[in-house]
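Some notes on the structure that comes next.
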Amino acid sequence: MPLQAGANAGLDRRLVSLIAFLFGLHLLQAFSPLRLDHDAVLYLRMAIGFAEATPVAGPDFPPGYPALIALLDIAGLGSPFWFILVNWFAVAGGLYAVWRLPGAWTPHQRLLAIALTLLSFAVIRTVVRPLSDPLFFALSMLSLLAMSFADRDETRNRFTHLVLAAALAVLAISIRLIGVAILPALGFAVMKAVLRTGRARRQMMAASTIAVTGSAAIVIFLARHSLARYLGGFGEGWEGNVMMLASMRFGVILANLSELFMNLPHKVVPSWNVLSVAVGVVPALILLLGLRGLKGTTATGVYAAASIAILFLWPYNAVRLWVPMAPLIFLHLTRTLSEMLEGNRDMGWIRRPLAGLAGVWAIWFLATGMGALAYSTLITFSGSRFSSLYGSNGGFSTPGQVSKNPQHNARAMEILLRYDPAQAARAGDLLPRSAGQYSQSMSLKARITGLLTESR
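Structure (structure tokens):
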């Protein structure tokens, strides 16, 4: 989609420069030591099991992302650099799809949404960890893009695009089970294509139905164990007073929106957990106002609605779960604000103060995003200070918290020994004593020294 000439042309060129600069800063993070958290340890344990053909018991994550890491491991590319580089390319591919998606968004609004995505602390924090969210984001957006091609194509290629969309949907669900939100969108795209097919309607319906049904069957088979665990999680999370639980989930949705909108994690500001629900009302109202201007239903809209419904029902709270949705939220937000400020809505006297507030918010978002990237870069090149700057005891359980997950430290160190021996050497002396059980008869330092020697 080419940039348009006009009042925003100069600003758009500056936005393109900013986006290129942000991509460069994100790419710098590929030189970071391995950044672990609870889920990253579970993903990498699965990957090691796949690479060694000895699947591990315990984690029930979908197999797609660990399988990719295992392939990198087998190819000799098992290191933080390649893990982060995969995430970087995934984000780039997903944002390319966002740029190409059809909709009521102008090129200027799309550039704003892409810049906001790259500045989002949630995206910055996720891309540098071995987590599945960036890859899921890319595959889901590319699937939606293929659906949009099918919608616009008047030739027999329409079916090809639908098959491609179904294949990408299968891959996305093999990465993250929330990808089932793509299936309603795929069904919608198929039915829309069928209604426009003409003489070949019956054949198109049969072929498309087989594609969608086959996709769903493959996904259910591949992720049957994970699906059972997630369905169990849904059930456990809604035991009790349903109305009270629903109001709590609504509050969680608002809190997550406030984190995305203010670009600030809750734990940074004292009492922010209380204020965040109230602050979340602002972006929620803006997004709801924007629904009035939408014309017709699209596969992207169906996917967004299904994703939000699943996140509402899912009983756990983490802003990371919203990362794959963040660009679509920013697209909708920028379009609605643009219409409010440019006179397409009857805003009256409130337009001028609203423009001022929007400007302050944009400066705030830029400042917090650049601050998050600067701090992430500091962590990347921190050397011996990595554990203190990264926090969470460098990805290990903090002293006093080991008993809550007694196996985490042992598993984390085994992962570091395999994928980042240099960081394992730095981290060895910082672990709580109770985590030393995994070294057993062989000294941990001796194992690290041996690995470092072999790598030279």
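Residue numbers (numbering that gives the first Met the number 0): 0 to 455.
Each residue gets a CB set at the ideal place from its N, CA and C atoms; glycine is no exception.
Source: prediction; values computed, not measured.
According to DSSP, is residue i helix, strand or coil?
i: F80; result: helix
i: A52; result: coil
i: A89; result: helix
i: L408; result: It should be pointed out that residue 408 corresponds to Asn in this sequence rather than to Leu. Looking at N408 - three-state DSSP - the assignment turns out to be helix.
i: E341; result: coil
i: R13; result: helix
i: L130; result: coil
i: F385; result: helix
i: T105; result: coil
i: K266; result: helix
i: K191; result: helix
i: A317; result: coil
i: A298; result: helix
i: S31; result: coil
i: A149; result: helix
i: D419; result: coil
i: G390; result: coil
i: S380; result: Just to set this straight, residue 380 is Phe in the shown sequence, not Ser. Residue state, collapsed to three classes: coil.
i: L256; result: helix
i: L115; result: helix
i: A8; result: helix
i: F311; result: helix
i: L244; result: helix
i: F60; result: coil
i: V97; result: helix
i: F395; result: coil
Given residue i, which residues of its chain have a CB within under 7 Å of its CB, disregarding the five upstream and five downstream residues?
i: I177; result: S306, I309
i: G289; result: H331, R334, T335
i: F60; result: L41, Y42, M45, S225
i: G393; result: F385, S386, A426, L429
i: T116; result: L94, V122, A325, P326, F329
i: W104; result: L330, R334
i: P65; result: Y42, M45, A46, F49
i: S119; result: L259, N262, A325, G368
i: P323; result: D132, F135, F136, S139
i: Y389; result: R34, I378
i: L70; result: none
i: V456; result: Here the chain has residues from 0 to 455 only, and residue 456 is not among them.
i: I73; result: A50
i: R319; result: A121, T125, D132
i: V55; result: R44, M45, G48
i: L253; result: V276, G279, V280, A283
Among residues of its own chain, excluding the 5 on either side of residue i, which ones have a beta-carbon nearer than 6 Å to its beta-carbon?
i: F30; result: T379
i: R157; result: A149, A192
i: A168; result: S142, I181, L185, S214
i: Y502; result: A query on residue 502 cannot be resolved here, the shown segment of the chain reaching from 0 to 455 and no further.
i: S257; result: S275, V278, G279
Go to residue i, then tell me how far its alpha helix (DSSP H) extends in each direction, as first and last residue.
i: I349; result: Counting along the chain, I349 falls outside any alpha helix (DSSP H), and DSSP gives it neither H nor E.
i: S173; result: 156-174
i: D36; result: Element bounds for D36: n/a, residue is neither H nor E.
i: P65; result: 63-73
Excluding the 5 residues flanking residue i on each side, which residues of the same chain have their C-beta closer than 8 Å to its C-beta?
i: N376; result: Checking the sequence, you will find Thr at residue 376 rather than Asn. L24, L27, Q28, listed in sequence order.
i: R109; result: M0, V97, W98, L330
i: L143; result: A96, L100, A164, I181, A184, A298, T299, Y302
i: K294; result: A103
Problem - Inter-stretch contact (C-beta, 8 Å, three-pair minimum) for the stretch 159-172 and the stretch 121-132 - result: no
Problem - At least three beta-carbon pairs within less than 8 Å, the stretch 77-86 to the stretch 126-133 - result: yes
Problem - the stretch 251-265 in contact with the stretch 361-377 per 3-pair CB rule at 8 Å - result: yes
Problem - Contact the stretch 139-148 vs the stretch 172-190: 3+ CB pairs below 8 Å - result: yes
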